[in-house]
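Reading through the structure tokens given below for one structure.
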């Protein structure tokens, strides 16, 4: 059973999970709501009589304006499963929005199941809704299925989110490489370094002169705006590495999850969004200087 669930969820998670849940319960219709980065709840997948509906009237969930007794709202806020056996009879829930949507679709479902998708970190990342279901003969299996579906959907949303970030960073890096190439083609002017008259700064430059030709790492310390990048440029331009690139990168601007990829690069297909090989910053600065 676990192998089957895992195979289902490794495909397109929201589509396959909805279809698999319908098969487990013999439900005619199903919806999966997935949370976006902005916290909105969009119906990412809707099934109607074994077909995926691309255009449908199921709207995004607005929890702030929804009735507290709305079945979807209740399931999400309380993290509890809602099962209504007779949807169109008095059941204690406010089902008006569901009635209106079903009327638009020409449906009148007999029952409804709303199951919060809670991942391994106990975070609700979506909602599974099944309509006109016929059987729940193995509640434990359905519980495990929803847990695994939640974790896989969460991963898919995360990869989609950061896949765009990776593409943007790749574009920025390519622009920096082009700019650096153009600058190297220009007539190189002698760089005399920072203007320094104080005894403290002259001592700093004298100490730097001792390491210019050495293959050693240099730690520059100072407050923001103190001129660390100026000193790094001075070291690079006056060293035997001056003909090679000087790569400057603010590591604080890179999300933690992408830091390894930016520094060391990655191969095409290693994760979602990696549509081609990427050279890491260390490789790009090989023979030159990397200032992080």
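Numbering (UniProt numbering), first residue to last: 1 to 292.
Even glycine gets a Cβ: it sits at the ideal position worked out from N, Cα and C.
Integer Cβ distance of residue i from residue j, believed to fall under 8 Å
| i | j | result |
| --- | --- | --- |
| residue 105 | residue 24 | At roughly 23 Å, the Cβ-Cβ gap does not stay under 8 Å, so residue 105 and residue 24 are not in contact. |
| residue 220 | residue 228 | 4 Å |
| residue 281 | residue 263 | 5 Å |
| residue 107 | residue 130 | Not quite, the Cβ-Cβ distance comes to about 13 Å (not below 8 Å), so this is no contact. |
| residue 119 | residue 150 | 4 Å |
| residue 145 | residue 21 | 7 Å |
| residue 261 | residue 278 | 7 Å |
| residue 111 | residue 94 | At roughly 17 Å, the Cβ-Cβ gap does not stay under 8 Å, so residue 111 and residue 94 are not in contact. |
| residue 213 | residue 239 | 6 Å |
| residue 235 | residue 218 | 6 Å |
Secondary structure of residue i, DSSP reduced to three states
| i | result |
| --- | --- |
| residue 204 | helix |
| residue 211 | coil |
| residue 278 | strand |
| residue 133 | coil |
| residue 224 | coil |
| residue 99 | helix |
| residue 114 | strand |
| residue 254 | coil |
| residue 34 | strand |
| residue 285 | coil |
| residue 107 | coil |
| residue 169 | helix |
| residue 142 | helix |
| residue 42 | Legend: pLDDT at residue 42 = 44, less than 50; position of this residue unreliable, value from coordinates given subsequently. Residue state, collapsed to three classes: strand. |
| residue 219 | coil |
| residue 292 | coil |
| residue 128 | strand |
| residue 330 | Missing from the structure shown is residue 330; the chain here goes from 1 to 292 and no further. |
| residue 19 | helix |
| residue 147 | helix |
| residue 243 | coil |
Buried or exposed (CB count within 10 angstroms, at least 16 for buried), residue i
| i | result |
| --- | --- |
| residue 92 | exposed |
| residue 82 | buried |
| residue 26 | exposed |
| residue 80 | exposed |
| residue 253 | exposed |
| residue 222 | exposed |
| residue 289 | buried |
| residue 86 | exposed |
| residue 71 | buried |
| residue 75 | buried |
| residue 30 | buried |
| residue 102 | buried |
| residue 5 | With a pLDDT of 30 at residue 5, under the threshold of 50, the modelled position of this residue cannot be trusted; read the value that follows with caution. Residue 5 comes out buried. |
| residue 9 | With a pLDDT of only 32 at residue 9, under 50, the local geometry of the prediction cannot be trusted, and the value read off the model is given with reservation. Buried, since its Cβ has 16 or more Cβ neighbours within 10 Å. |
| residue 285 | buried |
Residue-level contact to chain C via CB, residue i, 9 Å cutoff
| i | result |
| --- | --- |
| residue 206 | Within the model displayed, chain C is absent; a lone protein chain is all it includes. |
Opening and closing residue of the beta strand (DSSP E) in which residue i lies
| i | result |
| --- | --- |
| residue 230 | Where residue 230 is concerned, there is no enclosing beta strand (DSSP E), although the alpha helix (DSSP H) it sits in stretches over 228 to 237. |
| residue 271 | Segment: none, residue 271 is in no beta strand (DSSP E) and carries neither H nor E. |
| residue 71 | Looking at the DSSP string, residue 71 is not in any beta strand (DSSP E); the run it does join, the alpha helix (DSSP H), is 71 to 78. |
| residue 26 | Premise fails: residue 26 is in no beta strand (DSSP E) and is neither H nor E. |
| residue 246 | 246 to 248 |
Among the options, the one whose alpha carbon lies nearest that of residue i
| i | options | result |
| --- | --- | --- |
| residue 283 | 71, 269 and 244 | 244 |
| residue 270 | 203, 250 and 166 | 166 |
| residue 33 | 208, 126 and 121 | 126 |
| residue 116 | 84, 99 and 73 | 73 |
| residue 250 | 235, 266, 224 and 265 | 224 |
| residue 28 | 109, 97 and 101 | 109 |
| residue 179 | 77, 247, 96 and 207 | 247 |
| residue 128 | 68, 267, 19 and 201 | 19 |
| residue 291 | 168, 237 and 174 | 237 |
| residue 266 | 170, 255 and 68 | 170 |
Extent of the continuous alpha helix (DSSP H) to which residue i belongs
| i | result |
| --- | --- |
| residue 83 | No alpha helix (DSSP H) holds residue 83; the beta strand (DSSP E) holding it covers 82 to 84. |
| residue 261 | 259 to 264 |
Contact test: residue i Cβ vs the ligand GTP heavy atom, cutoff 8 Å
| i | result |
| --- | --- |
| residue 72 | For the structure depicted, the ligand GTP is absent and the ligand set is empty, with no information on it obtainable. |
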